[in-house]
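Only one structure is covered here, and it is reproduced in the block below.
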Amino acid sequence: MLMLPSRKRAKLRWGSGRWGTAVSPILICLTLIFILAACDRSPGGEAQPLHGTEGMITVLLPDSISSARWENDDRRYFEQAFAAAGVSYNIVNANGDARLQQTQAEQAITNGAKVLLITNLDSGSASAIIAQAREAGVIVIDYDRLTIEGPGADLYVSFDNVAVGRLMTETLEPIINSLPAEPKRIIQLNGSPTDNNATLFREGYYSVAKPYYESGQWLLVSDQPVPDWDYQQALVVVEQILTATNGDIDAAIVGNDRLANSVIAALKTQGLAPIPLSGQDATVGSIQNILAGWQTMTVYKPIQLQAEAAAQAAIALLEGQDPASLTDETIFNGQNDIPFIRLTPLAVTAENISQTVIADGFRTWAEICVGEYAQYCPPDR
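In this text, residue positions in the sequence shown follow our numbering: the first is 86, and each later residue adds one.
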């Protein structure tokens, strides 16, 4: 959705009437003034400030499969942030197709984009996009996912993704330890192997679980990635694990809410009771699952803060600021230290839903307390 029309090059021809070419330069100037004035106005006719910038910002979202957040949350917060700032922008979604994302990036560069905000589908394709952008003098911000191939983006805006993983196990830890089973039988269901964030999440939750595995208090029954964060593939994996173990699983440390839904579905299919279960993204479904007792926690990453931080950074870079001036932190992508705007995630459980996602306006009781889930909601909501 392009908020401001791009400036169009008018086709003007020299006059050939009684006034000849002598009047034509004046007509051209007046026409250009009119066109530029019209193009710098919103559809409603009110002038939109461009903050001294030229060109536009393009946001490249990855899909709507790995998480509902990309279309339901990130898009709307970017739209709000850019509209409030009065800058021209475009938001596209690759629908899980890395080649399409490359095409979208090429089209954005061709259309005059000066800053690309990219959530990559894999680091290889993102590295190619970054190389092409650099050649065209376009700035690139890695949004949420770090590109770990090539020299890297100009800036990275994300949450501390290792901390995201730690929050999962730290929240489950006392609950798992209170279970009577010896040892506690755990599965780890990780995200896509092409998503560097999935690697960081696992690093975080495994770092907390590792001492228990090494001591024999916990037993790691299965530790599997799920390509593309795909729900159906995750469901098959969990069903196979439950069948192979005769349902003898005590807890599941899971990379996001979509995969948590796969675990819940598999448990229900086999007539098993809920187990301690992590998630991430604070989706409506995850909050409903938490209230109903099927999911223990989800990690809430205040996406509005993330999108606003990325939007502000994009505008600053469009205006010529140095990426390193926007933050004191860096992250190593494998080749270079990338300036890193790091945000802090929060754990959400049944006890703090009101104080976190509801208080922030990220979720509402109205969208959560529907159908069968209304019975689990607080009466004073």
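For every residue, glycine included, the Cβ atom is placed at its ideal position computed from N, Cα and C.
Please read these numbers as outputs of a predicted model, since none were measured by experiment.
Checking 9 Å against the spacing of the C-beta atoms, do Val223 and Ile176 come in under that value? Within the sequence shown, residue 223 is the residue found at index 138, counting from 1. Within the sequence shown, residue 176 is the residue found at index 91, counting from 1. It is not a contact, given that the beta carbons lie outside the stated cut-off.
- prompt: Does the beta-carbon of Val455 have 16 or more other beta-carbons within 10 angstroms, so that it is buried, or is it exposed?
  reply: Residue mapping note: residue 455 aligns to position 370 of the sequence shown, counting from 1. Flag for Val455 reads exposed.
Validate contact between the segment 265–275 and the segment 318–336 using beta carbons, cut 8 Å, 3 pairs
By the C-beta criterion, the segment 265–275 is judged to be in contact with the segment 318–336, since at least 3 inter-stretch pairs fall below 8 Å.
message = Between the alpha carbons of Asp333 and Pro268, how many angstroms are there, rounded?
response = To locate residue 333, count along the sequence shown from 1; it is residue 248. To locate residue 268, count along the sequence shown from 1; it is residue 183. The straight-line gap separating the alpha-carbon atoms of Asp333 and Pro268 is approximately 11 Å.
- prompt: How many Å lie between Ile142 and Leu428 at the Cα?
  reply: As a first step, residue 142 must be located in the sequence shown, where it is residue number 57. As a first step, residue 428 must be located in the sequence shown, where it is residue number 343. Rounded to whole angstroms, Ile142 to Leu428 spans 22 Å at the Cα level.
Task: Whole-number beta carbon distance between Ala238 and Ile215, since they are thought to touch under 8 Å - done: On the sequence shown, residue 215 is found 130 positions in, with the first residue counted as 1. On the sequence shown, residue 238 is found 153 positions in, with the first residue counted as 1. At roughly 6 Å, the Cβ-Cβ gap stays under 8 Å, so Ile215 and Ala238 are in contact.
Skipping 5 residues on each side, what residues in its chain have a beta carbon closer than 6 Å to that of Ile375?
-> Your numbering for residue 375 matches position 290 in the sequence shown. The answer, listed in chain order, is Ala435.
Q. If you draw a straight line from the C-alpha of Ile416 to the C-alpha of Thr284, how long is it?
A. In the sequence shown, the residue the question calls residue 416 occupies position 331. In the sequence shown, the residue the question calls residue 284 occupies position 199. When only Cα atoms are considered, Ile416 and Thr284 end up about 15 Å apart.
*Which of the three DSSP states, helix, strand or coil, is assigned to Ile360?*
Taking the sequence shown and counting its residues from 1, the one referred to as residue 360 is at position 275. Here Ile360 sits in coil by DSSP.
TODO: Tell me whether the beta-carbon of Ala345 lies closer than 9 Å to the beta-carbon of Gln380.
DONE: The residue you call residue 345 lines up with position 260 of the sequence shown. The residue you call residue 380 lines up with position 295 of the sequence shown. Cβ distance < 9 Å, so Ala345 and Gln380 count as in contact.
For this session: Taking 8 Å as the threshold, find out whether the segment 277–296 comes into contact with the segment 231–251 through three or more Cβ pairs.
Result: Two segments are said to touch when three or more pairs of C-beta atoms, one from each, lie closer than 8 Å; by this definition the segment 277–296 touches the segment 231–251.
Could you give the residue range of the beta strand (DSSP E) that holds Lys199? Position 114 of the sequence shown, counting from 1, holds the residue named residue 199. Where Lys199 is concerned, the enclosing beta strand (DSSP E) stretches over 198–203.
From Tyr228, Asp413, Ala392, Ala444, residue whose alpha carbon lies closest to that of Ala168
For the purposes of this step, residue 168 is taken as the residue at position 83 of the sequence shown. Selected option, being the one with the closest Cα: Ala392.
Terminal residues of the alpha helix (DSSP H) in which Gln317 lies = Here residue 317 refers to the residue found at position 232 of the sequence shown. 316–329 is the extent of the alpha helix (DSSP H) around Gln317.
Checklist line | Neighbourhood of Glu156 by C-beta distance below 7 Å, restricted to the same chain and skipping five residues each side | finding: For the purposes of this step, residue 156 is identified with residue 71 of the sequence shown, where counting begins at 1. Shown here for Glu156: same chain residues with a beta carbon closer than 7 Å to its own, the five before and five after excluded, namely Ser149, Asn178 in chain order.
Can you grab the Cα-Cα spacing for the pair Ser263 / Glu255, in whole Å?
Walking along the sequence shown from the start, residue 263 turns up at place 178. Walking along the sequence shown from the start, residue 255 turns up at place 170. C-alpha of Ser263 to C-alpha of Glu255: approximately 13 Å in a straight line.
Could you give the first and the last residue of the continuous beta strand (DSSP E) run that contains Pro310? Here residue 310 refers to the residue found at position 225 of the sequence shown. Looking at the DSSP string, the run of the beta strand (DSSP E) that includes Pro310 is 303–310.
Under 9 Å between C-beta atoms of Asn282 and Asp229
The sequence position of residue 282 within the sequence shown is 197, counting from 1. The sequence position of residue 229 within the sequence shown is 144, counting from 1. In terms of Cβ geometry, Asn282 and Asp229 form a close pair [threshold 9 Å].
Could you check whether Gln187 and Ala213 sit closer than 9 Å to each other, using their CB atoms as the reference points?
The residue you call residue 213 lines up with position 128 of the sequence shown. The residue you call residue 187 lines up with position 102 of the sequence shown. For the pair Ala213 and Gln187, the CB atoms are nearer than the 9 Å cut-off.
Distance between Pro265 and Glu146 (C-alpha atoms, nearest Å): Translated into positions along the sequence shown, residue 146 becomes position 61. Translated into positions along the sequence shown, residue 265 becomes position 180. A small fix is needed here, since residue 146 is Leu in this sequence, not Glu. Roughly 44 Å between the two C-alpha positions.
Tell me Pro424's beta-bridge partners as DSSP assigns them. Locating residue 424 in the sequence shown gives position 339, where the first residue counts as 1. Partner residues in the beta bridge of Pro424, as assigned by DSSP, are Thr415.
Discussion item. Suppose you measure from the CA of Thr441 to the CA of Asp159; what does that come to, to the nearest Å?
Written reply: Your numbering for residue 441 matches position 356 in the sequence shown. Your numbering for residue 159 matches position 74 in the sequence shown. Approximately 18 Å between the Cα atoms of the pair.
task = Tell me whether the beta-carbon of Leu201 lies closer than 9 Å to the beta-carbon of Ala190.
result = The residue you call residue 201 lines up with position 116 of the sequence shown. The residue you call residue 190 lines up with position 105 of the sequence shown. Remark: C-beta atoms of Leu201 and Ala190 approach each other more closely than 9 Å.
task = Verify whether the separation of the beta carbon atoms of Leu402 and Ile203 is less than 9 Å.
result = Against the sequence shown, residue 402 aligns to sequence position 317. Against the sequence shown, residue 203 aligns to sequence position 118. One thing to note: Leu402 has its Cβ no nearer than 9 Å to the Cβ of Ile203.
- Message: So, at 6 Å on beta carbons, what are the nonlocal neighbours of Asp422 in its own chain, with the 5 sequence-adjacent residues on each side left out?
- Response: The residue given as residue 422 occupies position 337 in the sequence shown. These residues qualify, in order along the chain: Thr415.
* Drop a sphere of 10 angstroms on the beta-carbon of Pro310, count the other beta-carbons inside from all chains shown, and report buried for 16 or more, exposed for fewer. => Taking the sequence shown and counting its residues from 1, the one referred to as residue 310 is at position 225. Counting Cβ neighbours within 10 Å, Pro310 comes out buried, since at least 16 surround it.
Query - Buried versus exposed, by CB contacts within 10 Å (16 or more), Pro430 - result: To locate residue 430, count along the sequence shown from 1; it is residue 345. Buried, by the Cβ-count rule.
- Task: List the residues that DSSP assigns as beta-bridge partners of Asn175.
- Result: By 1-based counting over the sequence shown, the position of residue 175 is 90. Listed as beta-bridge partners of Asn175 by DSSP are Thr143.
TODO: Within 10 angstroms of the Cβ of Gly370, are there 16 or more other Cβ atoms? Answer buried if so, exposed if not.
DONE: What you label residue 370 is simply residue 285 of the sequence shown in a count that begins at 1. Buried is the call here.
- Query: By how many angstroms is the C-alpha of Leu411 removed from the C-alpha of Gln302?
  - Reply: Within the sequence shown, residue 302 is the residue found at index 217, counting from 1. Within the sequence shown, residue 411 is the residue found at index 326, counting from 1. Cα-Cα distance, rounded: 45 Å.
Would you kindly check if the distance between the Cβ of Thr383 and the Cβ of Asp445 is under 9 Å? Position 360 of the sequence shown, counted from the first residue, corresponds to residue 445. Position 298 of the sequence shown, counted from the first residue, corresponds to residue 383. No; because the gap between Cβ atoms is not below 9 Å, this pair is not in contact.
Check your understanding: Of all the options Leu231, Asp366, Gln165, which has the alpha carbon lying nearest to the alpha carbon of Gln420?
Key -> Reading the sequence shown from its first residue, position 335 is the one you call residue 420. In terms of CA proximity to Gln420, Leu231 leads the group Leu231, Asp366, Gln165.
Just verifying my parser: in three-state terms, what is the DSSP assignment at Leu264? Residue mapping note: residue 264 aligns to position 179 of the sequence shown, counting from 1. Look at Leu264 here: in three-state DSSP terms it is coil, with no helix or strand label.
* Helix, strand or coil for Leu206 per DSSP? -> Taking the first residue of the sequence shown as 1, we reach residue 206 at position 121. Looking at Leu206 - three-state DSSP - the assignment turns out to be coil, as it is neither helix nor strand.
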